[in-house]
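Protein chains in written order, with my numbering: chain A, 1 to 245; chain B, 1001 to 1245.
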DNA sequence: CTTTATTTTTAGCGTCTACTAAAAATGGGG
DNA sequence: CCCCATTTTTAGTAGACGCTAAAAATAAAG
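Here it is, written out as structure tokens:
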């Protein structure tokens, strides 16, 4: 019945495969690929086979295969040996999946009492099973939050995200005051440590000193002080605080 | 936690596959098969290939294949042409899956405002993605309910269910007073209609009259009256109300 | 600008789950 | 007790995803 969407040129118009890509439900692996490509490509554009592979923990050869298929479905543009770029359809699905993930993470922490370092895995599975209706109900119960527990912006239901680029704590000049905005949700150990020193989204930080040769930074976090390694500092995204007005 | 993995193998235990069956995470299809077999076999014992197939909406041949594999894993006892029966391990997984399903259904209706006829599909997908921890948190938030919105008993975390057998509304003698206990969650139309006439779990019903030749029943539902077909009456499980004391 | 290293793709497979068509068991009616 | 309808199983396939090993492109280095 399905006449193999053969002639998928580099353009859209998937002739006979006239599915509504924007609202179609994809398999979990497909959603994962699209999410991975979305945030590897970032604003820049393309993602490489290898990067996608290591992000997803699969072999590069598997990525090539999946990518071919998804390109055939019009979810991404692909030229061999050239990397992939999401089409609007692919991006829409990626954003819906990310919205699900982040709303779920927020609900788990805000309502169900999960610690912020333990929501990622749970959300990773639920995001593929939750209907959009459920996600909207969760979002509503939360008062339509705009960011998740780790400070990541939650895309709106119609696919818009706040994509401003932030600086890392490691980039701040000594003395500059900033507000902790965001950190990846993927490293539980890091998250636990950050919680321990109270370096969580919204908190004010200031770099008090920076040891040479990429040494540790001494921070003021709220009222307390903390010394953190460069590696950690690079993971923490902040926004400068315009001095009081 | 207790309940060591009972070495249930009475026959061909699957040799090298020495997994802890009791807590192992199964794929969604496997969980679905076990659930289906659990409630087709009921207390009686075995389920037939055809019944499982039509319950799951797959071809009988597919059931044979899956059943062979599950038997190999020690989740069920199987003799070809003889039907299947869950082992203790298989039953444990079925019950945990059913617990997830019912806790989720309850949460969706009680907390998130879903109508009782719309929770089944959502729960059907979430039950395979939700961790046991999540389910326990949901159950706790609900005060550890013992039955779901449709009156089905929720198995406990350690695998016990209330399995008393109920009569259907169609079996009641005229005049008998009973309490509506339970109805299947799988037929949205039926559920909507029952909600409309307020025939929901806990409500008192009485058969006022029964037309001959399997005709409709006239009921008193709470304070109101309703006339329902035999087909519907057979779907509604009730328990007799011991006259006041 | 050729040689080497890296990245990406192809080829060939394996697993899980489902399907169809055809063969084999089972069991009910006469 | 035999025949036929029904149930169940086997055989052969398919598609989604993943893997490894080897070939092919591309990029880097001398």
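Cβ coordinates follow ideal geometry from the N, Cα and C atoms, glycine included.
Taking C-beta atoms as the reference points, residue 168 of chain A and residue 236 of chain A count as a pair closer than 8 angstroms. Distance from the CA of residue 73 of chain A to the CA of residue 1113 of chain B, rounded to the nearest whole angstrom, comes to 36 angstroms. As summarised for the stretch 57 to 143 of chain A, the continuous alpha helix (DSSP H) elements at least 4 residues long and confined to that stretch are 60 to 72, 88 to 110, 119 to 126, 132 to 141, given in chain order. Spanning the alpha carbons of residue 1111 of chain B and residue 157 of chain A requires a straight line of approximately 22 angstroms. Taking 8 angstroms as the cut-off, the beta carbon of residue 1241 of chain B is found no closer than this to the beta carbon of residue 1164 of chain B. DSSP lists A:177, A:220 as the beta-bridge partner residues of residue 206 of chain A. By the criterion of a C-beta distance shorter than 6 angstroms, residue 1063 of chain B is surrounded in its chain by 1049, 1052, 1053, once the five residues flanking it on both sides are discounted. With respect to chain B, the C-beta atom of residue 224 of chain A has no partner C-beta closer than 8 angstroms.
Cβ-Cβ distances below 6 angstroms link residue 67 of chain A to 78, 84 in the same chain, with the five nearest sequence neighbours on each side left out; the list follows chain order. Where residue 237 of chain A is concerned, the enclosing beta strand (DSSP E) starts and stops at 237 to 240. Bounds of the alpha helix (DSSP H) holding residue 28 of chain A are 28 to 41.
The bridge partners DSSP lists for residue 184 of chain A come to none. With respect to chain A, the C-beta atom of residue 1070 of chain B has no partner C-beta closer than 8 angstroms.
Taking CB atoms only, residue 1131 of chain B has a neighbour in chain A less than 8 angstroms away. With 16 or more other CB atoms across the displayed protein chains lying within 10 angstroms of its CB, residue 201 of chain A is buried.
A Cβ-Cβ contact shorter than 8 angstroms links residue 1186 of chain B with residue 1120 of chain B. Residue burial is scored here from C-beta neighbours: residue 122 of chain A has at least 16 other C-beta atoms within 10 angstroms and is therefore classed as buried. The residue among A:191, A:60, A:133, A:184 with its C-alpha nearest the C-alpha of residue 115 of chain A is A:191. Burial is judged here by how many other beta carbons sit within 10 angstroms of a residue's own beta carbon; residue 1081 of chain B has fewer than 16 and is exposed.
In the DSSP assignment, residue 1153 of chain B is bridged to B:1147. Contacts with chain A at 8 angstroms (Cβ-Cβ) include residue 1113 of chain B. Between the stretch 27 to 38 of chain A and the stretch 86 to 101 of chain A, the count of C-beta pairs closer than 8 angstroms reaches three or more; the two stretches touch. A distance below 7 angstroms between beta-carbons, with the five flanking residues on each side excluded, links residue 239 of chain A to the following residues of its chain, in chain order: 166, 178, 179, 181. Proximity of chain A to residue 1150 of chain B at the Cβ level (cut-off 9 angstroms) is not reached, the minimal Cβ distance being about 19 angstroms.
Chain A has no Cβ within less than 8 angstroms of the Cβ of residue 1170 of chain B. Interface flag for residue 122 of chain A against chain B is set, since a Cβ pair is found closer than 8 angstroms. Residue contact with chain A for residue 1128 of chain B: present (Cβ-Cβ distance below 8 angstroms to some residue of chain A). By the criterion of a C-beta distance shorter than 6 angstroms, residue 94 of chain A is surrounded in its chain by 34, 35, 38, once the five residues flanking it on both sides are discounted. Taking a Cβ-Cβ threshold of 9 angstroms, the residues of chain A close to residue 1134 of chain B are 108, 112, 114, 122, 126, in chain order.
When CB distances to chain B are screened at a threshold of 8 angstroms, the residues of the stretch 135 to 146 of chain A falling below it are 137, 138, 141, in chain order.
With fewer than 16 other CB atoms across the displayed protein chains lying within 10 angstroms of its CB, residue 146 of chain A is exposed. In chain order, 117 place their CB closer than 6 angstroms to the CB of residue 188 of chain A, counting only its own chain and leaving out the 5 sequence neighbours on each side. The straight-line gap separating the alpha-carbon atoms of residue 70 of chain A and residue 1211 of chain B is approximately 60 angstroms. Take residue 221 of chain A, set aside five residues on each side of it, and the residues of its chain with a beta-carbon closer than 7 angstroms to its own are 197, 198, 199, 203, 205, in chain order.
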